[in-house]
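Each remark here refers to the structure printed beneath this line.
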Amino acid sequence: EAAVTQSPRNKVTVTGGNVTLSCRQTNSHNYMYWYRQDTGHGLRLIHYSYGAGNLQIGDVPDGYKATRTTQEDFFLLLELASPSQTSLYFCASKGVAETLYFGSGTRLTVL
Amino acid sequence: GEQVEQRPPHLSVREGDSAVITCTYTDPNSYYFFWYKQEPGASLQLLMKVFSSTEINEGQGFTVLLNKKDKRLSLNLTAAHPGDSAAYFCAVSADTGNYKYVFGAGTRLKVIA
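Structure, rendered in structure tokens:
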């Protein structure tokens with residue numbers, strides 16, 4: 089079973105704060121994704137990557153940066169957090185047969 | 021880009037009843053279709069998948085139907101039980117090599133014993 093680990097599980101910050109969400113997968117998957125989940129919207133794609141050093145823009149990228157430092161590690165950066173970015177964030181990696189494997193999620197609250 | 025509409029947003033059924041969740045999509049190049057299940061407070065787990073070469077897939081008490089002509093994907097639960105209570109999301113991806121997955125907004129299913 090593919091393993092995707094996210095940290096932290098919960099994060100509270102203030103408006104204008106700097107936040108980094110971490111994701112690590114240990115299955116040598118090429119593709120990794122960051123989604124946000126909000127009631128009424130399902131999961132929306134923020135950024136994704138197909139390998140170290142690569143970044144692809146998702147559907148809701150404004151206010152977010154991301155960096156894929158290694159095959160295993162994908163980070164989501166909020167440099168000036170706003171209350172509209174309060175959400176549940178999921179990282180995922182793509183395994184065989186196009187299946188996505190999700191982490192446990194990070195709940196971010198921006199006050 | 022691809023748009024996916026999922027209905028209904030909420031569904032409540034009695035144990036033993038059937039339930040149907042439907043997604044419609046817009047991109048005719050869509051090729052990969054998935055249903056994910058999310059139990060309360062948990063992450064998403066793959067429930068079922070169907071690719072363009074198949075129209076029906078069955079398993080775990082669910083049936084997935086794909087109608088490419090109407091661009092409609094449905095998840096049919098034939099006999100619901102309380103363990104099926106969860107949120108269900110469809111996901112769609114085109115066969116264009118960019119591996120973007122677009123999700124529906126989700127259906128919160130409640131099965132009443």
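Keeping their order, the protein sequence lines are chains A and B. For the first sequence, my numbering assigns the number 89 to the initial residue and increments by one for each residue that follows. For the second sequence, my numbering assigns the number 21 to the initial residue and increments by one for each residue that follows. By construction, the Cβ of each residue, glycine as well, lies at the ideal position given by its N, Cα and C atoms.
In this structure, A:L168 lies away from A:A154, with their beta-carbon atoms at least 7 angstroms apart.
The DSSP-derived three-state label of A:S116 is coil. Per DSSP, reduced to three states, the secondary structure at A:E186 is helical. The beta carbon of B:S63 falls within 7 angstroms of a beta carbon belonging to chain A, placing the residue at that interface.
For B:R34, same chain residues with a beta-carbon under 6 angstroms away, outside a window of 5 residues either side, are I132 in chain order.
Taken in chain order, the members of the segment 175-197 of chain A whose beta-carbon sits within less than 9 angstroms of a beta-carbon on chain B are F178, A180, K182, A185, E186, T187, L188, Y189, F190, G191, S192 and G193. Using a 10 angstroms sphere on the CB of A:T194, the tally of other CB atoms reaches 16 or more, which defines it as buried. Nearest C-alpha to B:G21 among A:S116, A:A180 and A:G146: A:G146. For B:S113, the neighbours in chain A by C-beta distance under 8 angstroms run, in chain order, E186. At a C-beta separation below 9 angstroms, B:Y108 has no neighbours in chain A, since its nearest C-beta there lies roughly 10 angstroms away. The shortest CA-to-CA distance from B:K91 to any of B:T42, B:K120, B:L31 and B:D37 is the one to B:T42. 7 angstroms or more divides the Cβ of A:F162 from the Cβ of B:L64. Contact between the segment 108-128 of chain B and the segment 125-143 of chain A is present, with at least three C-beta pairs closer than 8 angstroms. In this structure, B:L86 is the residue among B:S38, B:A100, B:Q58 and B:L86 with its C-alpha nearest to the C-alpha of B:F71.
In this structure, DSSP gives A:Q159 a state outside helix and strand, which the three-state scheme calls coil.
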